[in-house]
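Notes to accompany the following structure.
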Ligand SMILES: [Mg+2]
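The following block contains the structure:
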């Protein structure tokens, strides 16, 4: 070639899926448990996707569910997997379209696209590894670290004293903010816990609360007015995840910012929230929204609307995407998936550092095999 660059496309040779049930160190309860809608959470189910190519490259991606749905994701991934074989792994857009059409009968949101998410993340990981770049830099990085807050220590099954003590430990570990759960049937109890934690931490520690969709509009407004003086970074999911108008009314009525979006499972659902200005901090989730490819569409629109983006859970993926978002925002520290991987995030001075390793910078740990419930492999060029 005149420019010295090889142009022949690589080809996908094998695709491997795994379904893992990763146990939590202790079960946690948010407001959905307090209101009787869900049981405590004791494990995370993960759908992994490993893709290898004729050039000898490999990519690792994953999706997840809490409580139910991973078997359906795994089944759907298996049904569409043959469409990947022989494809150019760098043509992620074309592959995404092909897989969407393969599963068109079950739609472009929810379980179907969450199965696709594991594949899509593996393709982006592979592409960044091919380039020899961390994913954040492949996507166009703005910074080498992102502000990080802890969520996993702030659940409702723990008394306020334990929440406060875990918060202190998180801060000692270098984490820069603390989120606690609220949304219990007795709002006075929420306010008591919040006051105790604020008192313990002092006024300078960034503090968020998360009601996990358990208030109606009147209760959310009452809570928001009651805590206006506490200077919270945000109030998260005060209302039903699909009540975009209600979130917009709250965001307009309160000085405290509103955060939501983690439960939404398609680009159009998140676009509605952006258009109605239902979130000051938008919280998309790569596995839930169908992968990095749709997430990037959401992020571009959120930036255009001048919103903050604080992606939900899976810090292992979202660290890269938050570093590639124009505004410095927050990544959520929840260590539940860490045992699946050999690597751990590095946290310093309130920020999580983007790793130098190519791709996501993750490899499946040997001990993960002990949590594997199912596996499937597809090889060869059709
Ligand atoms: Mg949340």
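Numbering (my numbering), first residue to last: 63 to 444.
C-beta: ideal position from N, C-alpha, C; glycine also.
Residue 347 holds the alpha-carbon nearest to the alpha-carbon of residue 384 among 347, 278, 184, 271. Three or more beta-carbon pairs separated by less than 8 angstroms are not found between the segment 158-176 and the segment 391-406, which leaves the two stretches without contact.
With respect to the 8 angstroms criterion, residue 277 and residue 292 are not classified as neighbours on the basis of their beta carbons.
Residue environment for residue 366: exposed (fewer than 16 other C-beta atoms within 10 angstroms of its C-beta). For residue 274, the distance from the CB to the nearest heavy atom of ligand 1 is below 7 angstroms.
Around the beta carbon of residue 189, a 10 Å sphere encloses 16 or more other beta carbons of the protein chains shown; the residue is thus reported as buried. Rounded to the nearest whole angstrom, the C-alpha separation of residue 226 and residue 159 is 47 angstroms. A direct Cα-Cα distance of roughly 22 angstroms separates residue 152 from residue 329. Across the structure, residue 145 and residue 339 are spaced so that their CA atoms are roughly 38 angstroms apart.
Residues 82, 83, 84 of the same chain have their beta carbon placed closer than 6 angstroms to that of residue 433, with the five preceding and five following residues left out of the count. Bridge partners of residue 209 according to DSSP: 392, 413. Ranked by how close their Cα comes to the Cα of residue 349, the residues 378, 371, 363, 342 have 378 in first place.
In the DSSP assignment, residue 100 forms no beta bridge with any residue. Under the criterion of beta carbons closer than 8 angstroms, residue 353 and residue 182 qualify as touching, at roughly 3 angstroms. Between residue 110 and residue 124, the C-beta gap is smaller than 8 angstroms, which places the two residues in contact.
About 16 angstroms separates the beta carbon of residue 72 from that of residue 122, a gap too long to meet the 8 angstroms contact definition.
Under the criterion of beta carbons closer than 8 angstroms, residue 272 and residue 299 qualify as touching, at roughly 6 angstroms. The beta carbon of residue 216 is closer than 6 angstroms to those of 225, 241, 242, 243 in its chain, skipping five residues each way along the sequence. The DSSP-derived three-state label of residue 82 is strand. A distance criterion of 7 angstroms places the beta-carbon of residue 380 beyond contact range of ligand 1, judged by its closest non-hydrogen atom. Here residue 312 really is in contact with residue 282; their C-beta atoms are around 6 angstroms apart, less than 8 angstroms.
In terms of side-chain proximity, the C-beta atom of residue 149 is found no nearer than 7 angstroms to any non-hydrogen atom of ligand 1. Nearest to residue 140 by C-alpha distance, out of 156, 331, 180, is 180.
Spanning the alpha carbons of residue 267 and residue 196 requires a straight line of approximately 30 angstroms. Only exposed fits residue 441, as fewer than 16 other CB atoms lie within 10 angstroms of its CB. In this structure the segment 98-106 does not lie against the segment 159-169, because fewer than three pairs of beta carbons, one per stretch, are closer than 8 angstroms. When DSSP assignments are scanned along the segment 286-364, the uninterrupted stretches of alpha helix (DSSP H) that are 4 or more residues long and fall wholly within it turn out to be 306-315, 329-337, 348-351. Taking the C-beta atoms as reference points, residue 214 is found no nearer than 8 angstroms to residue 410. Shown here for residue 255: same chain residues with a beta carbon closer than 8 angstroms to its own, the five before and five after excluded, namely 222, 225, 242, 244 in chain order. Each of 436, 431, 437, 408 was checked against the Cα of residue 423, and the nearest Cα belongs to 408. In the assembly as shown, residue 250 is an exposed residue. Its beta-carbon has fewer than 16 other beta-carbons within 10 Å.
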